[in-house]
Structures are given as structure tokens and as C-alpha cells.
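Letter by letter, the sequence shown follows residues 2 to 908 in our numbering. First up is the structure itself, then whatever we jot down about it.
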Amino acid sequence: MPSKAKTGKKLVIVESPAKSKTIAKYLGEGFIVEASIGHIRDLPQPSDLPAELKKTSLGKFAVDVENDFKPYYVVSPDKKKKVAELKAQLKDADALYLATDGDREGEAIAWHLLEVLKPKVPVYRMTFGEITKEAIHRAMDNLRDVDTALVDAQETRRILDRLYGYEISPVLWRKVARGLSAGRVQSVVTRMVVDRERERMAFRAASYWDLTGQFGADSGSFKAKLAAVDGSKVASGRDFNDNGELTSSNVVHLNEELATSLAAGLENAQFRVRSVDTKPYTRRPAAPFTTSTLQQEAGRKLRFSSKSTMQVAQRLYENGYITYMRTDSSALSDEAVTAARRQAAELYGPEYVPQSPRIYANKAANAQEAHEAIRPAGDSFRTPAQVAKQLSGDEFRLYELIWKRTVASQMADAKGSTATIRLGAVSSDGRDAEFSASGTVITFPGFLAAYEEGKDESRGDDDSDEARRLPNVAKDDSLTASEIVAVGHETSPPPRYTEASLTAELEKKGIGRPSTYASTISTIQDRGYVRKQGSALVPSWIAFSVIRLLEQHFTDYVDYEFTADMEGDLDKIANGQAMGTAWLKHFYYGEDADPGLLSIVNNLGEIDAREINSVPIADGITLRVGKFGPYLESTIPTVDEKTGELVESARANVPEELAPDELTAAKAIELMETAAPEERVLGTDPHTGHTIVAKNGRYGAYVTEIIPEMTEEELAAQPVEYYKNGKPKPPKKPVKAKPRTGSLFKSMTVDSVTLDEALQLMSLPRVLGEDADGNPITVQNGRFGPYLKKGTDSRSIGSEEEIFTITLDQALEIYSQPKQRGARAAVPPLAEFGPDPVSEKNIVVKEGRFGPYITDGVTNITVPRSTSLEELTRERAIELLAEKRAKGPVKRTTTRKAPARKTAAKK
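Here it is as C-alpha cells:
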């Protein structure tokens, strides 16, 4: 067979179309650059396995747990066309270059491409940390093979996550609620948020007092704070524990009375300077960004969510503006160090650059897949001003942040001095009071001229003395005092996590990979375990139930150290120091005294679902996590005063917006006392004799009738049916009559609705009459408000009260008008973002039936639960609309009735 003729063409495969366009410019002729658009194959759902495999050892996970955990991969249905295109391109190529990202995920994508395409031409692995001409050419000079150790680590991680989720999630379905999910990292992150809320719930505030005063000298005045009384330090917030107890010895705990009397006793006291202490101040710049620190700082300074940060960074990388954004390393290449130092000198002066380059060591234990820190791309950096016109608003802001941090990292230390003045006097009652004031003066800003790192919310007293110049005073100088006042304080609970502080804590504990933090934090919000309250992350009550079950029955799998150790084991596999199959066998089947996941799941024993879903809130009041949400229930038996019989315990709904730490004992009692009655008897329907009641239901308050059960005599009087042999059939259970119901109007409550109103509500829909063609017109109330109905044509009307007053003529007038889609009245949009670049129509955010959604009048997309309206930007709205357009219209499956078979005519 003759060999294939040389074409001179080389096929390069990357993940994304944006990346392929940029790279194609630098490679030039002879190279065809195609995008796989992410992974081309994955583990299928077990339900999608071929029938012959479902009953094998593959059937439970699509992983053969009995044969070295061999995975069963399938090409994703939406990637089959792409695979066919890549195979066609490969036929005409002389070489294949796999240029996916250089991390584990990218290595796995390259390996899957190799396995599916089965190339018969030379194959090269090509990696680069930035998409610039220089970087692409350097990558061509440093080609290698696919790293099987990295592939093994990624495959082990994927199988591990499948085993974890598919074994533990069904337990949550049975004992908490259907549709819940457990995840190796996701569940641990949820536990961290729940643990912080538990700390806040257990927290007891302590009060303490101190004094502040304004003091004057010839060279100026300054503010100082009481530091000591009679030589003993004055207690501050740091001296109390979370139970409100004073933990420090040899401190003075001032209450309001002591502080107020001391302030009064110092009104005419003679204050003098007791000491002046001056120390040099030096501050070093922060290291260049890693994935984790970029997410933290973008959250603090730009108010970006972790997910938004990574999406914007991805675009900047793919278009050649920054280096690869998934990295554990804070190191810079020699070229980047030179570029940063050169730019700092050009912009701020040579004195702002230290004599020797700064070297930043990797903080992460395993940073081998992190080429270098996130920085501006290229061997020379473009300033923000040079790229401003080429970037969107969010892209520019993130690029500017990265540029500033990178340049500042190679600049000189900030220099200055910190002065502390101690001053005091004796009060009229003989107590010695000593005040203190500190201030820092920056004499040389150094890197601060370019950048200053942000900070997360902290606890305790704010003793910040940054950038405060104190007057020039000396020991024994006399001072004038004014405005000496007693100030009360309360200790504060641990602050809730924000996305930034949670990311920092995950990195500190070594849980998960920084590259997955954004998707994990987004997932726990999408699943309803956590919601945002401002920027704070608040756990739901269902998260409490899930974590409680996991802590009690899967202890190790939500343990912080255990999870971090697992990450370390996966790093060993990535480094070639361990094998994935052996590690998975130990994890799933266990060894010696160490039980595996399978053994734990098979020996769970009895799990008390009611106990798992219960949280005591106050004496006699317990919070229950029910099928339809959390509610309070009295645990004290309730006795009917008339009959003396035990009745159903009193209940109260818990407002959705109420955070768990805000549900105090006092609040629980208030909710129970103000809860509307579950049921109220209104009277008897004069026409049917049925009792009419008002109730609180899942979808709101409603009225209904109670249809009594048939008596024995009525049952006996039912007609008897007979078999063909003449024997009587057993009596059938009578079909229960469906009671009439009606939802209460918004203006009505269970307490206030009357019998007459209830009978009116249950009479709906109300028939108004017929139109000229004989079509009946009715009026009724629906889930989304009152409306008219004529066949399939529905029209909204103004208010619920109109249901009983609108006439046929008024209805006909409404139907004579063209039908208007949308709301009954013009409602202003929640946000406006200007014209869409594709449709050129205005983008707005509206409130819809199922929550806020983005629309340009042509394409609609629901705002993701993980994105608050405050965080939603024009760029993100355009991106979401573009993604929706790319997916195309939703394919709706319709079932066609098969035509009736014609029977053959009898001859």
C-alpha cells in the first residue's frame, strides 16, 4: 500500500475557538488550528450505558470497580460532529500538535484526543503559559509527550468524584430531600460555611467600655484612646472569648458606670506626655497573583464573584493579554521580572526599583503544573492605558489589577516611621489613667505608588494607625484635654465568609485545587446550600441537615484534614510517586482497620431522618427541615380545651430571608406567637351543609369545604354489583368527592376571611356570558393574578376585587383590544445595560415568573442563582445572552399519536 503523500500541513488542537484564532496568527501558513471546545468525552450517566453493560460491574458508576476501576468513556453527543471534523482535518495533516492547557485538565483533554483520533502521524505535546508570538515560538522549541502521570491524576480525581457522589448522594435523597448532592470538595466547603454560622449562633456578646479624648500641644492636636488604669491594661474585644467571658488576666474591665465616672474625673486633670517611641516602618509588596489570590483580590477590590473573575481572566488569557490563569505559583519568569522592573523604573523612577530582583517562592506544596504567576502577557508589558480601547469594562478592570500587582511586586519597599505617644493624668478620685496614640508616616511610598493589597473583614478593635501624622511632642510636655468621653462596645461574632475569605481559607487548609474554587463556590449556591446576603455567604437550613448527616455517618469525608490529605495523595499521583488504581482501591474497598467508602455505605445502620432534620431553637420549639422548607414546631403537646384530646403541634413558617444565626430563641417565640392559625372554621354552607374552613397551605392561604365520610348506613345502601356467575362482588370503596377550594385574595388572611367571602371564592370561575360566536367567557384567579378566559385566550385584569364586579360588556371590550404579552402594567426593568452587540437591541433585566431574567427582546436567559443583581455587569449579561444563542432554541419532544391501522376489507 503506498504511503500517504506529504501535504506540509500541521494540525494544532486547542480547547477554545478564541484561543485558536489568536494562536493561528502567530503560527502562520502550514498550520491549521482547530478547537475541541473542551472535553470531547467523559463518563456517561449509568442510565445511558448500553443494556448489556448495565448489569455488569460497570453498571453502577460507568466505572468497572472490579477491574482496576477502569472507566467507560463515551464521546459526548454534542461533540460527535466536532470529533468527525477533527478526524477529517487529521487525514490531510503530516503532524498533530496537542496544544491544550498545561494543567491536569488540559493534559487529560490532550490524552482523550489522542485516544479518540488515533493519529497515524507524529504527535507532539505543546504547552505555553501565555498566548504571545514569543511564547508560541518557545513552545514549538520545547515539545514533549503527553504526561501520563498528570493524566492518571486527573482520571483518578474524576473517578473519585463519581464514587463519592454516587454512593453518598442517594443517602441524602432518602433522609433529607430528593435532588440533593454530595461532593468530595463541595460538601467540605458547605461544612465550612455551616460551621461559621454555628459559631455565630453559639456566640454571646460581651460589653466593655473605654475612653477617647482629643489632646492638644503647641504643634497640633491628636486623638488618643484609654490604654490603662492604675497600671493595668484596659480590656478590649480581644480579651473576651465567644462565650462573652473575659479570658485575659491582669486587665481592667470597665463597665458604663466606671467609664463614665472616670471620664468625669478627668475633665480638669493635668495631662502630660509620659513617653514617645519612634520605630522605623517597612512594608513589602505582595507576591504576584496566583489563581486563589486573584479571586480574593478581585472580590475585595472589584466586587467580582469568583466565577466572574475566572470567566473574565479566561477571556484575557485566550486573547493574549495575560498568562495562564489557573496556577498555584507566585514565581515570575526572568523575562517577566525584567519587564516589570523596566516598567516600574520608566513610570515611577529608578529609585522605585530595588537593586536586586525580588524572588517569590511557591507557597503551594505542589506547583509543578503552575508555570508562573498570573501577569500581563509578553516579554514587555502593555500598560492599562495601551489596552483600554481593546477591552470591555470588566476585562480592563481585571487587567489593570493584574498589571498593578505584577509591577508592584518588583518595586522597592515602602518606608516610613511609626510613632507611639503615651500620655496620662490622675482623675479626681485618684485613679491613674494612661492614654495611647499611634501613627505611621510614609516617607517613601515605594510599591504603594502602584498598588496596595485589600483586606477582608476582621474581628476585634480597629487599631489601625496607617497614615496618621502625630504632632512633635516630647516627654513631660503638658497637654490640653477636651472631649473626653466614655465609649461603649460589644464584641462581634466571627464574620461570615465572603467568596474572597472562603477562597483564602480553602487555600490555607489545602482543600481542593485553586482552579476549582470558583466552580465549587458557584455550585453550592446553585444547589441551594448557600445564598448571598450582600457579599456574605449564608447557609440554608437544608445545608445544616446535610452536613449533620455527613458528620455523623461519613465523618472522614467532610473532615478538613482528611480532604486535604486526599489532595496531597492526588498530587503524588501527578508527580508519578503513586498509582491511581491502587489509591482508588484503598479508598473504595479499604484496607485492614481502615474501612473504605463501600463498607461505610453498606453498614450505615438506622439513620433517624427526623433527628437529622431537627434543630432545637428554644425550650419547647424545634426547627424542622421539611419537604417544603424549614418551619418551627412546638414540642410541647397541645391539648384541645373543649375535648381534652391531643391535637397537632403548633407550627410557624420561617421567613426565607431570615439567616440561621438570626433565628434566636426570642425570634422563634415571636414567630410562633404571631403565626397565622393552620386552620379556622368559618361556618356551614347553607346549600350543602358542609363545614367551610380557611387554611394555610404550601402555596398560600385558601378556603375549602370538608366533605364528611359516608356513614355505615350510606355504604350499606350502595347498589350491589354481581359477577356473571351470580355471586355478589365485594363492595367498592366509594370515590371521594373533590372538595371545592379557592385561594384567598392578597387582601385576605386566614384570620379575617368571612364565610360569605369564602363561598364566593369557592364559586369561581365565574361565568360572565358568551361572545357573539357563543364562546363562554369566565373570570377566575390564578397563580399569577386574576384573568379572563375564552377558550385558549386568556387576558389579565387589574385587581382581584374585579373578579366579582367585572361585567360581560367590560370583558368583551378587553377582548376587542389586541392581546398584549407580558405584565398587566408597565413595570420598570430591574437593570438596563444598553444595546446588545449582536441584536443591537437594548438589554434589560426583568422580574419573571421564575425569577429575574436578561432579555434583549429576542433572547431570554435566567439570571444564574450564583449571580446577584448587584454583581451582574453589562459584559456578563452580553456573555449569558451569547451562550443562550449559541445553544439554539430548546428542542421540544412531542409525542405523535400513531395513525389507526386500517383493517383489511373482508372478501
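Built from N, CA and C at the ideal position, the CB exists for glycine as well.
Is it right to say residue i is buried, meaning 16 or more other beta carbons lie within 10 angstroms of its own, or is it exposed?
i: G9; result: exposed
i: E347; result: exposed
i: Q155; result: buried
i: I522; result: buried
i: W174; result: exposed
i: L247; result: exposed
i: V539; result: buried
i: A389; result: exposed
i: G379; result: buried
i: F785; result: exposed
Which residue comes first and which comes last in the beta strand (DSSP E) that contains residue i?
i: Y632; result: G630 to S635
i: E491; result: S479 to E491
i: S262; result: Taken as a continuous stretch (DSSP letters only), S262 belongs to no beta strand (DSSP E), being part of the alpha helix (DSSP H) at E257 to G266.
i: K234; result: S233 to V235
i: S182; result: First-last for S182: undefined, no H or E at that position.
i: R201; result: Note, R201: premise wrong, no beta strand (DSSP E); alpha helix (DSSP H) at Q187 to A203.
i: G440; result: D433 to F445
i: S615; result: S615 to A619
i: D794; result: D794 to S797
Please list the terminal residues of the continuous alpha helix (DSSP H) segment that includes residue i.
i: I670; result: A666 to T675
i: G107; result: R105 to L118
i: N603; result: L598 to N603
Do you know how far the Cα of residue j is from the Cα of residue i?
i: I618; j: I670; result: 9 Å
i: T279; j: D240; result: 27 Å
i: E257; j: G394; result: 51 Å
i: L585; j: T191; result: 24 Å
i: D243; j: Q312; result: 39 Å
i: K11; j: A89; result: 13 Å
i: R877; j: Q315; result: 13 Å
i: E909; j: F834; result: Not covered by the structure: residue 909. The range shown for the chain is 2 to 908.
i: Y361; j: P351; result: 21 Å
i: Y282; j: S536; result: 33 Å
i: H554; j: A519; result: 28 Å
i: N861; j: E674; result: 43 Å
i: M193; j: R423; result: 42 Å
i: G852; j: P18; result: 32 Å
i: A651; j: K533; result: 31 Å
i: N614; j: V682; result: 32 Å
i: K226; j: A415; result: 27 Å
i: N367; j: M567; result: Confidence at N367 is low in this model, with a pLDDT of 43, below 50, so its placement is unreliable and no value can be given for it.
i: A340; j: E500; result: 32 Å
i: E135; j: S381; result: 11 Å
Is the distance from the Cβ of residue i to the Cβ of residue j below 8 Å?
i: D104; j: R327; result: yes
i: L449; j: A218; result: no
i: S222; j: F216; result: yes
i: I41; j: L91; result: no
i: E298; j: G513; result: no
i: A413; j: A270; result: no
i: L571; j: V559; result: no
i: T806; j: K790; result: no
i: L765; j: V704; result: no
i: Y911; j: V64; result: One cannot answer for residue 911 here, as it falls past the ends of the chain, which runs 2 to 908.
i: R767; j: I804; result: yes
i: A150; j: A575; result: yes
i: L873; j: V846; result: yes
i: S428; j: G529; result: no
i: P286; j: S418; result: no
Meets three-Cβ-pair contact criterion under 8 Å: the stretch 501-511 and the stretch 544-559: In this structure the stretch 501-511 does not touch the stretch 544-559; the number of beta carbon pairs closer than 8 Å is below three.
Three CB pairs or more closer than 8 Å across the stretch 561-580 and the stretch 197-207: The stretch 561-580 makes no contact with the stretch 197-207, as fewer than three CB pairs between them are under 8 Å.
Meets three-Cβ-pair contact criterion under 8 Å: the stretch 834-843 and the stretch 797-817: These segments do not touch.
Stretch-stretch touch, CB-based, cutoff 8 Å, three pairs: the stretch 92-103 with the stretch 11-21: Counting C-beta pairs closer than 8 Å gives three or more between the stretch 92-103 and the stretch 11-21, which meets the contact rule.
Cβ contact check for the stretch 652-660 and the stretch 604-620: 3 or more pairs under 8 Å: Between the stretch 652-660 and the stretch 604-620 there are fewer than three C-beta pairs closer than 8 Å, too few to call the two in contact.
contact_flag[the stretch 707-715, the stretch 725-745] where n(CB pairs < 8 Å) is 3 or more: With three or more CB-CB distances shorter than 8 Å, the stretch 707-715 counts as touching the stretch 725-745.
Stretch pair the stretch 753-770 + the stretch 689-698: three plus CB contacts closer than 8 Å: Flag = yes, the stretch 753-770 and the stretch 689-698 touch.
Given 8 Å, three or more beta-carbon pairs between the stretch 763-775 and the stretch 714-726: The stretch 763-775 is not in contact with the stretch 714-726.
The stretch 373-388 / the stretch 403-412 touching (three or more Cβ pairs under 8 Å): The stretch 373-388, when compared against the stretch 403-412, does touch it at the 8 Å Cβ threshold.
Contact the stretch 484-492 vs the stretch 259-274: 3+ CB pairs below 8 Å: A contact exists between the stretch 484-492 and the stretch 259-274.
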